[in-house]
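For our numbering, count along the sequence shown from 1 and bump the result up by 117.
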Amino acid sequence: MATTTLDKTDVPELAKLGITDLDEGKVPSAEENHQIQMVEKMEIDEKEWNTTTNDDTITMIAQKLTRLIVNSQKTERKWEHEFEKQRISASNIADQLLEATPATEQLVDAFNNLVEGLVPTIKKIEEANERVQEEIKKSSTVIEENSKQTKSQAETIFKLSKTINDLHITMAHQSAAKYKQQLEDLPRKKPRIDEDMRSTTQNVGIRRCYICTGVHQADECDQYKDGPTRLEEMTKRNRCIRCTKKNVPGHPCQFPKGRTCTYCQKVHLNALCPVKFPIDTTRQ
Numbered sequence: 118m119a120t121t122t123l124d125k126t127d128v129p130e131l132a133k134l135g136i137t138d139l140d141e142g143k144v145p146s147a148e149e150n151h152q153i154q155m156v157e158k159m160e161i162d163e164k165e166w167n168t169t170t171n172d173d174t175i176t177m178i179a180q181k182l183t184r185l186i187v188n189s190q191k192t193e194r195k196w197e198h199e200f201e202k203q204r205i206s207a208s209n210i211a212d213q214l215l216e217a218t219p220a221t222e223q224l225v226d227a228f229n230n231l232v233e234g235l236v237p238t239i240k241k242i243e244e245a246n247e248r249v250q251e252e253i254k255k256s257s258t259v260i261e262e263n264s265k266q267t268k269s270q271a272e273t274i275f276k277l278s279k280t281i282n283d284l285h286i287t288m289a290h291q292s293a294a295k296y297k298q299q300l301e302d303l304p305r306k307k308p309r310i311d312e313d314m315r316s317t318t319q320n321v322g323i324r325r326c327y328i329c330t331g332v333h334q335a336d337e338c339d340q341y342k343d344g345p346t347r348l349e350e351m352t353k354r355n356r357c358i359r360c361t362k363k364n365v366p367g368h369p370c371q372f373p374k375g376r377t378c379t380y381c382q383k384v385h386l387n388a389l390c391p392v393k394f395p396i397d398t399t400r401q
C-alpha cells in the first residue's frame, strides 16, 4: 500500500504541528484532525489580519498625501500673493519711469531689488516642489511594496488552502479504504466443530480452526502448515473446501458465488492457498 508524505518545505505550518505524513491504511487520530482545524483557523485569522493591516497602511498613506497636497496649495497661494506684490512693485516702477525719467542708478537699484525679491521666492517654490515629489515617490514605493507583499501572502494562502483540501481528499480516501478493509476483515461463518470438541465452558465468541479445530485462525494453523496438507486433512474430515460443487455427500457447498482466495484470486479457502502456504515452507 502506497504512503503519501507531506514535505515540510511544502507545508511548514503542518510540519510544525507534527503532521508530516499519512499512511493510506491509517485513519487520522482526533488529535491530528484538531491540528488540521487549527491550521485552517490560523490561515483565516492571518488572512483577516493582513487585509486589515493593508487597509490601514493605504489609508495612512492617502492621508499623508492629502496633507502634502493641502500644504502645497497653501504654499502656492502664498507665492501667488508674493508675486502679486512684486507685480505691483514693478508696475509702480514703470509708472515712475513714465512720469519722470529717474537717474540710471535709481533704475538699477530698483531692478536689483526686484530680482532679489524674486530669486528667493522662486528657489523656495522649487524646494517645496522637490519635497512634494520626494514624498510622493516614497509613498509610491511603499504602496508598491505593500502590493507585492499582499500578492505574495495571497499566493501563500492559496497554496495552503489547496494543500489542506488535498489533505481532506486523501483522508477521505483513506477512511474509505479503511472501512472497506474492516468489512473484508469481518468474521465469516463459524467453522463446524466436532461434538467431542464442544464444551459448556467454551466461550461462543472464540474462533476455532476449521482444519484442526484448535483455538486459532485457520490461516495460522501450525499443525497443518501447507495448503495441500490442509486440503487433505479437511477432505478426510469431510469438511467443506469450497469446491463450488452442488451435490457433495454430507456437505452441500454453500460457498458464495464470485468470492475468491485473497492471496491468489482462485476459488478456494484462503487457508488452503498453495501460493501463500506451499509445501515444506513455514509461513512468514
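Idealized CB from N, CA, C, for every residue including glycine.
Check: Per-residue burial, Asp173 [other beta carbons within 10 Å of its own, 16 or more giving buried]; Outcome: exposed
Check: Inter-stretch contact (C-beta, 8 Å, three-pair minimum) for the region 332-351 and the region 379-390; Outcome: yes
Check: Rounded Cβ spacing between Ile274 and Glu160 (contact assumed at less than 8 Å); Outcome: 6 Å
Check: Start and end residues, alpha helix (DSSP H) containing Thr377; Outcome: Thr377 -> no alpha helix (DSSP H), and no H or E assigned at all.
Check: Delimiting residues of the alpha helix (DSSP H) encompassing Thr346; Outcome: Gly344 to Lys353
Check: Touching by the beta-carbon criterion (3+ pairs, under 8 Å), the region 201-216 and the region 261-272; Outcome: no
Check: Contact check, Arg245 vs Thr192, beta carbons under 7 Å; Outcome: As written in the sequence, residue 245 is Ala, which differs from the Arg given in the question. Cβ distance < 7 Å, so Ala245 and Thr192 count as in contact.
Check: Rounded separation between Ile358 and Gln299 - CA only; Outcome: 24 Å
Check: CB contact flag (Ile186, Ser256, <7 Å); Outcome: no
Check: Coil, strand or helix - Val236 by DSSP; Outcome: helix
Check: Presumed contact (8 Å Cβ cut-off) between Val249 and Ser189, rounded CB distance; Outcome: 5 Å
Check: Rounded separation between Cys326 and Asn355 - CA only; Outcome: 15 Å
Check: Assigned exposure category for Thr318 - 16 Cβ within 10 Å defines buried; Outcome: Here Thr318 scores only 41 on pLDDT, less than 50, and its place in the model is too uncertain to base an answer on.
Check: CA-to-CA distance, Thr221 to Ser206, given in whole angstroms; Outcome: 18 Å
Check: Reference His385, options Glu350, Gly344, Pro395 and Lys353, closest by Cα; Outcome: Gly344
Check: Local conformation of Lys383 per DSSP, three classes; Outcome: coil
Check: Proximity to Lys240 [Cα-Cα], best of Trp196, Ile210 and Ser264; Outcome: Trp196
Check: Cβ shell of Thr377 (< 7 Å), same chain only, five flanking positions each side left out; Outcome: Lys383 and Val384
Check: Test item: CB-CB of Gln266 and Leu235 under 7 Å; Outcome: no
Check: DSSP state of His333 mapped onto helix, strand, coil; Outcome: coil
Check: As assigned by DSSP and simplified to three states, the class of Lys306; Outcome: With a pLDDT of 49 at Lys306, under the threshold of 50, the modelled position of this residue cannot be trusted; read the value that follows with caution. Reduced to three states, the DSSP call for Lys306 is coil.
Check: Sequence-distant residues of its chain with Cβ nearer than 6 Å to Ile242 (five each side left out); Outcome: Trp196
Check: Residue environment, Ile396, which counts as buried when at least 16 other CB atoms sit within 10 Å; Outcome: exposed
Check: Residues of its chain near Glu199, where Cβ-Cβ distance is below 6 Å and the 5 sequence neighbours each way are ignored; Outcome: Thr238
Check: Whole-angstrom C-beta distance between Glu350 and Ile328, which should lie under 8 Å; Outcome: 6 Å
Check: C-alpha distance - Asn263 paired with Ser292, whole-angstrom precision; Outcome: 43 Å
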